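Numbering (my numbering), first residue to last: 31 to 67.
Right, one structure below, let's go through it.
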């Protein structure tokens with residue numbers, strides 16, 4: 031699966047902006063922020 035230019039906002043706060051990545055089949059992938067959330 032390819033994800034390109036993912037963005038997520040909560041009201042006026044931008045949590046993710048322009049994230050792109052690829053996930054291979056049968057793999058486990060996580061997206062963590064600076065504080066581990």
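For each residue, glycine too, the CB sits at the ideal point set by N, CA and C.
Treat the numbers as computed from the prediction; the structure is a model and nothing was measured.
Residue nearest to residue 48 within the set 55, 35, 40, 41 is 35 (criterion: CA-CA distance). Annotation for residue 43: the continuous beta strand (DSSP E) segment containing it runs 43-52. Sequence-distant partners of residue 52 (beyond 5 residues in either direction) whose C-beta falls short of 8 Å from its own C-beta, in its chain, are 31, 32, 33.
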